[in-house]
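Start counting the sequence shown at 2; every next residue gets the next number (our numbering). Note that CB positions come from ideal geometry on N, CA and C, so glycine has one too. On a predicted model such as this, the values are computed, not experimentally measured, just so you know. Below you'll find the structure, written out as structure tokens, and then a few comments.
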Amino acid sequence: MARSSSAGSLLSDARDGRTRLTGAVTGALLVSGLLAGCAPTAEGPEPSGTAGPPPTPTASQEPTAPASPAPTPSSTPEPSTPLAIGCNDLLSLQAVYDFNPNYGGAPDYSPASGTSAAEAVARQGTACGWMNQTSGDTFEVAVSKPSAADLARLTAAASAAGARAQVAGAQGAWFMERAGQGEIVAQVGDVWLVVASESFMSAGDAEQLASAAARAFR
2 MARSSSAGSL LSDARDGRTR LTGAVTGALL VSGLLAGCAP TAEGPEPSGT
52 AGPPPTPTAS QEPTAPASPA PTPSSTPEPS TPLAIGCNDL LSLQAVYDFN
102 PNYGGAPDYS PASGTSAAEA VARQGTACGW MNQTSGDTFE VAVSKPSAAD
152 LARLTAAASA AGARAQVAGA QGAWFMERAG QGEIVAQVGD VWLVVASESF
202 MSAGDAEQLA SAAARAFR
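Pasting the structure below:
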């Protein structure tokens with residue numbers, strides 16, 4: 002009886018050991034399954050760290066109006082002042098006689114195109130001509146009242162191109178050649194004076210006449 006009781010005790014202990022082993026295995030499998038459920042899933046690829054170029058702005062669909070030019074003020078040239086004077090008042094008979102007694106008036110006279118006398122007439126001035134009754138030589142005297150701007154331009158051009166001349170009462174006088182003539186041009190107050198002839202070769206040939214004509218405006 003004692004042996005039978007001992008064998009039963011051993012059998013009971015063996016069954017308890019198998020039961021504990023089975024529970025341990027089952028617990029281990031359960032823990033393993035739970036841990037597998039908590040493992041992180043594989044993540045997708047990381048985005049590139051290089052920024053792409055910014056989007057290119059597209060051109061506006063609205064037409065761009067061209068810039069309007071700034072309006073420029075219109076400059077109207079100052080007009081000349083009409084200057085009408087009789088030829089004998091411009092140059093007296095005595096002054097002509099003193100220059101050369103053979104000279105007299107030239108009734109058919111008109112200034113040739115391109116001459117300083119023609120320009121004086123275009124500025125509403127006066128031009129007169131005299132002719133040597135023996136040789137047929139002529140000279141002309143013309144006066145005009147240009148605008149202040151034109152007078153300054155004429156004076157500057159004459160000063161640059163001509164040689165100084167002596168004309169009594171003039172603010173400035175110059176001798177030059179133009180359109181086949183020798184001429185003295187002079188500023189007398191606001192008057193532009195021209196004395197010209199094909200026979201004038203130097204300022205000295207015309208200074209006497211120019212001074213006599215300038216006297217009419219002093």
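Three or more Cβ pairs drawn from the segment 151 to 166 and the segment 201 to 215 lie within less than 8 Å of each other, which places the two stretches in contact. Arginine 124 carries a coil assignment under DSSP once its states are collapsed to helix, strand and coil. Shown here, tyrosine 98 sits in a helix according to DSSP, grouped into three states. By DSSP's assignment, phenylalanine 176 forms a beta bridge with Ala164 and Ile185. DSSP, read as helix, strand or coil, puts asparagine 89 in helix. When the alpha-carbon of alanine 149 is set against those of Trp193, Ser212 and Val97, the nearest one is in Trp193. Sequence-distant Cβ neighbours of alanine 215 in its own chain, meaning closer than 7 Å and more than five residues away, are Val168, Ala169, Gly170, Ala171, Ala187, Val189 and Leu194.
Ranked by Cα distance from aspartate 138, the options Ala217, Asn101 and Leu91 are led by Asn101. Leucine 91 and alanine 217 have their C-alpha atoms spaced approximately 6 Å apart.
With distances taken between CA atoms, serine 81 lies nearest to Gly126 out of Ser111, Ala96, Gly126 and Val196.
Assigned with DSSP and collapsed to three states, glutamate 199 falls in coil, not helix or strand.
Assignment of serine 212 by DSSP, reduced to helix, strand and coil, places it in the helix class.
If you draw a 10 Å sphere on the C-beta of leucine 210, you find 16 or more other C-beta atoms in it, and that means buried.
Rounded to whole angstroms, tryptophan 131 and glutamate 79 show a C-alpha spacing of 32 Å. For the set Leu152, Asp151, Glu208 and Ala153, the Cα lying nearest the Cα of methionine 177 is the one of Glu208. Rounded to the nearest whole angstrom, the C-alpha separation of serine 117 and alanine 96 is 22 Å.
With respect to serine 114, alanine 128 sits apart: the two C-beta atoms are not nearer than 9 Å. Alanine 158 and alanine 143 do not touch by the CB rule: their CB atoms are close to 16 Å apart, not below 8 Å. Counting only the Cα atoms, aspartate 109 lies some 31 Å from glycine 173. Under the 10 Å beta carbon count, tyrosine 98 is surrounded by fewer than 16 other beta carbons and is classified as exposed. The DSSP-derived three-state label of serine 145 is strand.
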